[in-house]
Structure formats: C-alpha cells, structure tokens
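So the structure is just underneath, and the comments pick up after that.
Okay, structure coming up:
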C-alpha cells in the first residue's frame with residue numbers, strides 16, 4: 001500500500017492538487033451543497049429546505065446543505081473536495097477557481113437580468129452625504145472575499161472619489177451584509193457597502209430602521225452570484241445538476257433564493273471581477 005500511497009502523493013504534488021481533492025468521489029451518494037455564508041446559518045438552511053427537497057427529487061440523491069463559517073472556509077472546503085456544489089459570490093468564486101478545479105454553471109436572474117449592484121450607505125446622523133465625505137471616516141465591509149460588500153464598493157470609492165482604504169479611510173470587516181447595514185444604522189460605522197438586494201431584504205425583515213441610513217449611491221451592474229461545482233464530478237451528474245437549476249420554476253424555491261429564475265453562465269463572465277482585483281492589487285490565490 002505504501003508505494004501506491006506515495007505515488008498518489010507524488011502525483012498530487014506534480015499536478016498541484018491536494019490528495020483530498022484527487023480522491024473526491026465523482027458520483028457521491030450524498031451531494032454536499034454549500035450556501036453562501038452571508039447571513040445567519042440556521043436561517044439560511046431553513047429557508048433553503050425547498051431547494052434541498054427539489055434537488056433530492058430531481059437528482060435522485062441525498063442533499064446535505066452546508067453553511068461554512070466564512071467565505072475563506074467555503075473556498076478551502078471546495079478546494080479539498082469537501083463540498084460538491086457551492087453558491088459563491090463572484091469574488092469568492094474567482095478566488096476558489098484560482099485554487100481548485102471548479103466550474104460555474106448557473107446564476108440567478110433578478111429583475112429580468114443575471115446581474116446585480118452594490119449600494120453604499122451612510123448613517124443618517126453622520127456628516128457623510130457623498131462618497132468624498134467618507135474620507136477620514138470608518139467604512140464597514142462584510143467579508144474580505146465578498147464581492148458586493150467589499151470588492152465593488154471599495155472599487156467604487158477608489159474610481160469615483162479617489163479614496164483608498166487605509167490611506168483615506170479606515171476599513172472594518174464585520175462579516176456579513178446584514179452586519180454592515182446594522183453597524184451603519186447603529187452608528188458603529190459612518191458608512192458601509194453591501195448588496196442592494198440584501199440591503200432591501202434587511203429592511204423588509206425590519207433588522208434596521210430605514211430612517212437611520214441614507215443611500216449614497218449604487219455601483220454599476222456586475223455578474224450575479226454563481227453556482228459552481230467540482231469539475232471532476234461525473235459528466236452525466238454535472239449535466240443533471242445544471243439542468244436542474246436552469247429548470248427551477250417553483251415560486252417557493254425561487255423566493256427562498258431571491259431569484260426569478262436561473263441563467264447559464266461560464267467562467268469568462270467573471271473576468272470583470274478579475275480586472276477589478278487587479279485594480280486593487282489583489283492576489284486571488286493568496287487571499
């Protein structure tokens with residue numbers, strides 16, 4: 001056994017892949033599906049029970065929903081084959097792609113399009129009334145690997161107001177989108193950036209008082225959050241997974257995913273994220 005094991009390890013070193021990733025089952029009996037850790041874990045799993053039921057019925061496999069502690073742990077779980085499908089943010093997908101063999105296959109459609117925006121908000125009682133006013137203030141971001149609560153708003157401030165984090169304002173990571181909204185509403189940060197959709201969702205749930213925040217502005221449109229899967233899954237299984245998502249029309253499932261439907265996507269759709277990362281001098285493989 002030792003020569004075989006040693007040969008496997010050598011092969012992994014040559015190919016740059018971890019032994020765990022090499023050994024991942026291409027046709028597992030239980031598909032481990034990771035949800036984006038941008039909200040409370042128990043609430044996410046409960047809300048996505050309809051998706052779990054649908055995938056089990058459509059794919060004929062058991063589904064295990066997983067919410068990792070943060071984006072980084074989700075990326076590492078995919079890297080080592082501990083999850084099979086994952087719902088990523090655009091930035092966390094690009095980071096995961098730089099470290100593992102995965103492929104995006106579907107992005108949700110909202111308001112008739114597979115794109116979305118970030119919103120930059122400020123505490124209503126602060127003196128921050130424009131992007132320029134953030135200079136010298138505290139800016140709340142979600143997770144370092146978040147697109148709409150980090151990469152996009154940070155790029156907007158740099159490109160539109162010439163503000164650089166650490167030089168012109170203090171950047172604080174508070175973990176999730178809803179935490180950004182709460183911290184800004186409570187005055188713990190003068191401003192913050194998050195997903196427009198989640199901002200609306202936070203207000204709809206009454207997590208913040210809308211009168212406590214003001215909207216400074218919105219970003220341009222960016223490709224929606226992708227669903228991605230291990231590339232070494234069985235080709236037939238991959239096709240079934242892709243078709244299952246693109247065929248979802250159940251209103252309860254779509255409502256839980258905050259989507260109107262799903263559109264097919266490819267890796268090249270996220271080149272814009274890579275370009276933004278270059279602007280901010282980010283090394284995706286080291287994040």
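Residue numbers (full-length UniProt numbering): 1 to 287.
Where is the CB? At the ideal position from N, CA and C, for every residue including glycine.
Once the 5 residues before and after residue 106 are set aside, which same chain residues still bring their CB inside 8 Å of it? Here residue 106 refers to the residue found at position 106 when the chain shown is read from its first residue. Excluding positions up to five away in sequence, the list reads 226, 227, 242, 245, 246, 262, 263, 264, 265.
Rounded to whole angstroms, what is the Cα-Cα separation between residue 33 and residue 96? In the chain shown, counting from the first residue as 1, residue 33 sits at position 33. In the chain shown, counting from the first residue as 1, residue 96 sits at position 96. The alpha-carbon atoms of residue 33 and residue 96 are separated by roughly 15 Å.
Which one or two residues does DSSP pair with residue 159 in a beta bridge? On the chain shown, residue 159 is found 159 positions in, with the first residue counted as 1. Its beta-bridge partners do not exist; DSSP assigns none.
Member of 220, 82, 191 whose CA lies at the smallest distance from the CA of residue 118: As a working note, residue 118 is residue 118 in the chain shown. Looking at the Cα atoms, 220 is the closest of the given residues.
Of all the options 111, 135, 275, 77, which has the alpha carbon lying nearest to the alpha carbon of residue 167? Translated into the one-based positions of the chain shown, residue 167 becomes position 167. Closest option to residue 167, Cα to Cα, is 135.
With distances taken Cα to Cα, identify the nearest neighbour of residue 73 among 53, 43, 35, 104. If you number the chain shown from 1, residue 73 lands on position 73. Nearest option by C-alpha distance: 35.
Cβ of residue 129 within 8 Å of any heavy atom in the ligand FMN? The ligand FMN is absent from the structure shown, which contains no ligand whatsoever.
When you compare each of 139, 62, 268 to residue 189 by their alpha carbons, which one comes out closest? Walking along the chain shown from the start, residue 189 turns up at place 189. With distances taken between Cα atoms, residue 189 lies closest to 139.
Leaving out five residues on either side along the sequence, give the residues of the same chain with a beta carbon under 6 Å from the beta carbon of residue 203. Here residue 203 refers to the residue found at position 203 when the chain shown is read from its first residue. Result list for residue 203: 210, in chain order.
Output yes or no for whether 9 Å exceeds the beta carbon distance between residue 224 and residue 115. For the purposes of this step, residue 224 is identified with residue 224 of the chain shown, where counting begins at 1. For the purposes of this step, residue 115 is identified with residue 115 of the chain shown, where counting begins at 1. In this structure, residue 115 lies closer than 9 Å to residue 224 by Cβ.
Strand pairing of residue 35, partner residues [DSSP]: What you label residue 35 is simply residue 35 of the chain shown in a count that begins at 1. Answer by DSSP bridge pairing, in chain order: 67.
For residue 104, is the classification buried or exposed, using 16 other Cβ atoms within 10 angstroms of its Cβ as the cut-off for buried? Sequence index remark: in the chain shown, residue 104 carries index 104 (1-based). When all chains shown are included, residue 104 counts as buried.
Residues in the same chain with beta-carbon distance under 8 Å from residue 163, minus the five sequence neighbours each way, listed in chain order, please. Locating residue 163 in the chain shown gives position 163, counting from the first residue. Within the same chain, residue 163 has close Cβ partners 131, 132, 134, 135, 157, 169.
Do the CB positions of residue 213 and residue 181 come within less than 9 Å of each other? As a working note, residue 213 is residue 213 in the chain shown. As a working note, residue 181 is residue 181 in the chain shown. A contact, by the Cβ cut-off of 9 Å.
In the DSSP assignment, what are the bridge partners of residue 214? As a first step, residue 214 must be located in the chain shown, where it is residue number 214. DSSP output for residue 214 lists 122 as bridge partner(s).
If you reduce the DSSP assignment to three classes, tell me which class residue 248 lands in. The count along the chain shown starts at 1 and reaches residue 248 at position 248. Coil, per DSSP.
Taking residue 249 as the reference, which of 25, 29, 50, 149 has the closest Cα? Residue numbering aside, residue 249 sits at position 249 when the chain shown is read from its first letter. The candidate whose alpha carbon is nearest that of residue 249 is 50.
Restricting to Cα atoms, I'd like to know which of 165, 120, 222, 128 is closest to residue 177. Locating residue 177 in the chain shown gives position 177, counting from the first residue. Among 165, 120, 222, 128, the Cα nearest to that of residue 177 belongs to 120.
I want to know whether the region 86-93 touches the region 233-241 - three or more CB-CB distances under 8 Å. no
Segments assigned beta strand (DSSP E), at least 3 residues, entirely inside the region 185-245: 191-195, 213-218, 226-230
Just reading off the alpha helix (DSSP H) that residue 45 is part of, what are its end residues? Along the chain shown, one-based indexing puts residue 45 at 45. Its alpha helix (DSSP H) spans residues 41-47.
Among 278, 280, 270, 276, the one whose alpha carbon lies nearest that of residue 94: Taking the first residue of the chain shown as 1, we reach residue 94 at position 94. Selected option, being the one with the closest Cα: 270.
Does DSSP put residue 183 in a helix, in a strand, or in coil? What you label residue 183 is simply residue 183 of the chain shown in a count that begins at 1. Helix.
May I ask which residues mark the beginning and end of the alpha helix (DSSP H) holding residue 93? For the purposes of this step, residue 93 is taken as residue 93 along the chain shown, with counting starting at 1. Start and end: 90-99.
Residue 154 (DSSP reduced to helix, strand or coil): The sequence position of residue 154 within the chain shown is 154, counting from 1. The answer is helix: DSSP assigns residue 154 an H, G or I state.
Taking DSSP as the reference, what is the three-state secondary structure of residue 127? As a working note, residue 127 is residue 127 in the chain shown. Three-state DSSP puts residue 127 in coil, outside helix and strand.
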